[in-house]
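Heads up, the thing below is written out as structure tokens.
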Amino acid sequence: MNDIELADLYQELIVDHNRRPRNFRRLGKATHKAEGFNPLCGDKVKVYVDVENDIVRDISFEGEGCAISKASASLMTESVKGKSKVEVEQLSSRFRALATGTGNGAGLGKLAVFGGLRAFPARVKCATLVWHTLRAALEHASGVVRTE
Ligand code: ZN
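All letters in the sequence shown, in the order written, are residues 513 to 660 by this note's numbering.
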């Protein structure tokens, strides 16, 4: 995939997931949850997770923020559903490496489009916020996660 194709795909996915966010709801029976806040942009997100036998059986989010934060949260929920906590942790590390420009996006599927963010360092936290929040939820951390 060349840079222009990647940029188009990025645009398309962000617009689509921002307009029709997947798993955008409160989860009735969440075993884990956490809130995240990115003061740099004003993005707020709540992540609800239902974990059974170390597998993410269901996941959802609520919140308000920019298109990137919402699309990232939407794509995150799609990507981790059905995965084990260990697999989620690996995805999370790969995603952060990709967004900050130290990783190449291998094994990330659709999430690889966020590799385009390295050209916009100020927006990296918009995309990683939901992943920080997911990690906090899975670790049972309480309180609000802040990117700053
Ligand atoms: Zn943002």
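C-beta atoms are modelled at their ideal positions from N, C-alpha and C, and glycine is treated no differently. In this text, all values refer to a predicted model and were calculated from it rather than measured experimentally.
Query raised in the report: What is the C-beta distance between residue 658 and residue 549, in whole angstroms, given that I count them as a contact (C-beta under 8 Å)?
Result: Contact flag correct, Cβ pair sits at about 5 Å.
Query raised in the report: Considering only residues of the same chain and omitting the five flanking positions on each side of residue 586, which have a CB-CB separation below 6 Å?
Result: 529, 533 and 534
Query raised in the report: Does the region 607-621 come close enough to the region 635-652 that 3 or more CB-CB pairs lie under 8 Å?
Result: yes
Query raised in the report: CB residue 656 to CB residue 559, shorter than 8 Å?
Result: no
Requested in this report: State yes or no: is the C-beta of residue 530 nearer than 7 Å to some heavy atom of the ligand ZN?
Outcome: no
**Report entry** For residue 569, the nearest candidate out of 632, 541, 660 and 578 (CA to CA)
**Finding:** 541
Requested in this report: Give a yes or no on whether the C-beta atoms belonging to residue 576 and residue 556 are separated by under 8 Å.
Outcome: Taking a C-beta distance under 8 Å as the contact criterion, residue 576 and residue 556 qualify as a contact pair.
Query raised in the report: Just to confirm, does residue 571 get its C-beta within under 7 Å of one of the non-hydrogen atoms of the ligand ZN?
Result: no
Query raised in the report: Would you say the beta carbon of residue 577 comes nearer than 7 Å to a heavy atom of the ligand ZN?
Result: Yes - the ligand ZN has a heavy atom lying nearer than 7 Å to the Cβ of residue 577.
Query raised in the report: Looking only at C-alpha atoms, which of 625, 525, 561 and 552 sits nearest to residue 538?
Result: 561
Report task. Jot down the residue ranges of each uninterrupted alpha helix (DSSP H) in the region 566-610, minimum 4 residues, whole runs only, in chain order. Result -> 579-592
Query raised in the report: Helix, strand or coil for residue 626 per DSSP?
Result: helix
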